[in-house]
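Novice: Numbering (our numbering), first residue to last: 1 to 325.
The following block contains the structure, expressed as structure tokens.
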């Protein structure tokens with residue numbers, strides 16, 4: 001049994017569960033397609049892929065009927081959430097939707113929902129079929145996206161939805177150098193957990209992760225990593241003390257400099273991997289003097305765009321410093 005670990009020359013930045021995304025708009029709800037650059041369905045052409053379901057987008061009338069039923073369900077769910085919020089202290093605002101109600105790409109999010117798009121021989125077509133929830137049961141098998149400063153990797157591992165979890169035993173299914181990725185864009189329509197990876201050959205895929213935020217900080221925002229050796233002695237000491245408190249197999253610290261002058265430090269340890277959520281790293285922020293900054297003293301720049309969005313959507317109270325609106 002083995003957990004994937006980077007070599008000493010590579011820094012582990014994120015590890016999150018990931019699958020191909022699923023349509024959310026009523027005409028394509030619960031569906032996904034794999035297409036060539038002409039818009040043709042190519043899932044039968046992908047080498048090594050087992051047979052999967054075929055979908056047909058719903059008509060306008062069918063989508064409206066389904067939408068009415070779903071809207072009733074949402075209404076009842078919101079009523080229940082409101083009751084829980086009123087009875088349980090500290091839950092107010094925790095049921096808010098952080099996605100967008102309006103699509104900025106209706107052709108690919110409402111009328112159609114491709115999750116893989118590419119010409120023959122393109123990078124997107126090499127993605128593993130295990131990413132498809134319709135082909136691999138997520139109750140017994142998970143796929144994780146691993147991000148390092150050099151590569152993006154997809155691994156597969158066994159999982160149990162209930163009961164004792166099996167030890168993590170990673171199978172590398174796919175990888176590509178970061179240099180093959182032209183752009184990563186958050187796709188916020190409906191759930192707010194999708195993202196699109198555009199490869200340098202023009203092919204692309206649309207993926208989903210409940211913990212998208214942890215990967216997007218490095219894939220979409222692409223901050224420059226600061227070498228430990230470039231820090232002042234006081235800053236280095238703070239980072240080294242923080243690192244010494246982590247698991248023995250912890251990867252090298254990922255250090256980024258914020259616009260406000262503070263530094264973000266995050267450390268991931270492969271031994272803390274779980275099939276359910278991947279790795280939730282340990283992080284801290286220090287100021288230019290090397291002093292660790294309390295979370296209540298964060299500047300706006302010390303929060304990632306998605307952390308700020310989550311805070312606002314949940315109507316979090318202002319920290320004492322008043323720096324986060």
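Glycine is no exception: its CB is placed at the ideal position from the N, C-alpha and C atoms.
Taking residue 282 as part of the beta strand (DSSP E), name the residues at either end of that continuous run.
Specialist: Element bounds for residue 282: 282-286.
Novice: Report the option in 37, 300, 237, 228 whose CA atom is closest to the CA atom of residue 121.
Specialist: 37
Novice: Would you say the stretch 247-263 touches the stretch 285-301, given that touching needs at least three Cβ pairs under 8 Å?
Specialist: yes
Novice: Quick one: what's got a C-beta closer than 7 Å to residue 170's C-beta in the same chain, skipping five residues either side?
Specialist: Taking C-beta separations shorter than 7 Å and ignoring five residues to either side along the sequence, the partners of residue 170 in its chain run 2, 3, 4, 155, 157, following chain order.
Novice: Between the stretch 287-298 and the stretch 226-236, are three or more C-beta pairs nearer than 8 Å?
Specialist: yes
Novice: For residue 281, I'd like the list of residues in its chain whose CB is within less than 7 Å of its CB, leaving aside the five on either flank, ordered along the chain.
Specialist: Excluding residues up to 5 positions away in sequence, 266, 267, 268 lie with their Cβ nearer than 7 Å to the Cβ of residue 281 in the same chain.
Novice: Can you tell which of 205, 41, 106, 191 has the C-alpha that lies nearest to the C-alpha of residue 126?
Specialist: 205
Novice: Starting from residue 15, trace the alpha helix (DSSP H) in both directions and tell me its first and last residue.
Specialist: Counting along the chain, residue 15 falls outside any alpha helix (DSSP H), though it belongs to the beta strand (DSSP E) covering 12-17.
Novice: Give the secondary structure of residue 298 by DSSP, where H, G and I count as helix, E and B as strand, and everything else as coil.
Specialist: coil
Novice: Please name the residue or residues paired with residue 254 in a DSSP beta bridge.
Specialist: 266
Novice: Below 8 Å, how does it come out for the stretch 185-202 and the stretch 132-150: are there three or more Cβ pairs, yes or no?
Specialist: no
Novice: Excluding the 5 residues preceding and the 5 following residue 124 in the sequence, name in chain order all residues of the same chain whose CB lies nearer than 7 Å to its CB.
Specialist: 116, 117, 118, 199, 203, 204, 205
Novice: Grab me the residues of residue 249's own chain with a C-beta within less than 6 Å of its C-beta, minus the 5 sequence neighbours each way, in chain order.
Specialist: 269, 270, 271
Novice: Please report the residue range of the beta strand (DSSP E) in which residue 148 lies.
Specialist: DSSP places residue 148 in the uninterrupted beta strand (DSSP E) bounded by 141-148.
Novice: Determine the closest residue to residue 34 out of 244, 197, 223, 45, with distance taken between C-alpha atoms.
Specialist: 45
Novice: Once DSSP output is grouped into helix, strand and coil, what is the label at residue 203?
Specialist: coil
Novice: If residue 6 and residue 251 are in contact, beta carbons under 8 Å, what's the gap, nearest whole angstrom?
Specialist: 6 Å
Novice: Tell whether a beta-carbon distance below 8 Å holds between residue 286 and residue 235.
Specialist: yes
Novice: For residue 100, list the residues DSSP reports as bridge partners.
Specialist: 189
Novice: By DSSP, does residue 123 sit in helix, in strand, or in coil?
Specialist: Residue state, collapsed to three classes: helix.
Novice: Sorted by chain position, which residues of the same chain lie with C-beta nearer than 8 Å to residue 207's C-beta, five sequence neighbours on each side aside?
Specialist: 18, 19, 20, 21, 115, 131, 145, 194, 195, 196, 197
Novice: Does the beta-carbon of residue 160 have 16 or more other beta-carbons within 10 angstroms, so that it is buried, or is it exposed?
Specialist: exposed
Novice: Short of 8 Å in beta carbon distance, which residues of its chain neighbour residue 241, apart from the five on each side in sequence? Order them along the chain.
Specialist: none
Novice: Less than 8 Å between the beta carbons of residue 149 and residue 225, yes or no?
Specialist: Yes, these two residues count as a Cβ contact at 8 Å.
Novice: Leaving out five residues on either side along the sequence, give the residues of the same chain with a beta carbon under 7 Å from the beta carbon of residue 27.
Specialist: 57, 58, 63, 110, 111
Novice: Smallest Cα separation from residue 176: which of 164, 279, 151?
Specialist: When each option's Cα is compared against that of residue 176, the closest is 151.
Novice: Can you say whether residue 140 is buried or exposed, counting buried as having 16 or more other CB atoms within 10 angstroms of its CB?
Specialist: exposed
Novice: Give me whichever residues DSSP pairs with residue 276 in a beta bridge.
Specialist: For residue 276, which the question treats as bridged, DSSP gives no partner whatsoever.
Novice: Where does residue 239 fall in DSSP's three states?
Specialist: helix
Novice: Determine whether the beta carbon atoms of residue 274 and residue 165 lie at a separation below 8 Å.
Specialist: Taking 8 Å as the Cβ cut-off, residue 274 and residue 165 qualify as a contacting pair.
Novice: What is the DSSP secondary structure of residue 47, reduced to helix, strand or coil?
Specialist: coil
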